[in-house]
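Taking my numbering, the leading residue of the sequence shown gets 5, the next gets one more, and so forth.
Yeah, the Cβ is synthetic: ideal placement off N, Cα and C, and Gly gets one too.
Please read the structure below before turning to the comments.
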Amino acid sequence: MIDSKKDELLTAGTCNPPIKEPTTQIDQNTSTASNPTSTESTSIRTKQELKQQAARDRASIAREKKKAAILKRQEEMQERLQEQRIKKNELDSIAAAKKLNRLKKVETEKLERKKELEAARLDKINNDKELLKQQIEAIKNKNLIEQRRLDSIRKEREKLQRQSELRDQKIKETKETIAAIKESRKEAFRTEKERLQKEEEMRRELVQIKQDSAAIQRDQIAQLKLTQEEKLALIEEEKKKSTSHTKQIKRTRT
């Protein structure tokens, strides 16, 4: 019964048809023809738009009020349903607590018996562990003696190996030093030869640069003279144009 009332309230908002917003269309051609100026036409359109907006606002407020009333009824119904659920949950919790206490008591007795059996089993396991620990300790002592003997043999072998490696390394370094000295001499001779060649090339390039620079300077001087002559000619032409333009203005005024 409560669920049916809740469904009625939830669907109450969908039973009523939606309120249509008033719409008004403005014939701009008619408005422009009936009014002498565009300012008056704009004022009339603004008033009509304000009226339309006010009508839409009133309709929107009415819809919001209706929605608020429906939501309020729904919240009241939800509160009543929540109270009923809380009461039912409290009764269920009391019954469940009683049942749980009975089960806990039975389970506690079972656990006590299980703990006693587990304690006896652990005592036997501990005794077996102690015996096994003693056997393992004896084996470890025997292995430790054998390991020390093997370590001594390994260290002696490593010592001999290091001596052999040092001897081979010295021989290798001596050979590499001799080869490096020979290569260094060859590289020094080649470097000196390249240096002399580069100096000769740089000397030739310097002579060429000086020659090119002198030619460029001559070209720049000639270009500068030509540019100055062109500037003087342009200034003279501008003066003539200015004089002609001034005379034309005077004739126009007279």
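Just how far apart, CA to CA, sit residue 211 and residue 240? 44 angstroms
Can you tell me the Cα-Cα spacing of residue 187 and residue 180, whole angstroms? 10 angstroms
Between the CA atoms of residue 120 and residue 133 - distance to the nearest angstrom: 20 angstroms
Distance, residue 44 Cα to residue 37 Cα: Summary for residue 37: the model assigns pLDDT 41, below 50, so the residue's position carries little reliability; its value from the coordinates is reported in the next sentence. So the two alpha carbons sit approximately 11 angstroms from each other.
C-alpha gap between residue 24 and residue 46, whole angstroms: Residue placement at residue 24 is poorly supported in this model, since its pLDDT is 41, which falls under 50; the coordinates still yield a value, given next. Cα to Cα, the separation comes out at about 27 angstroms.
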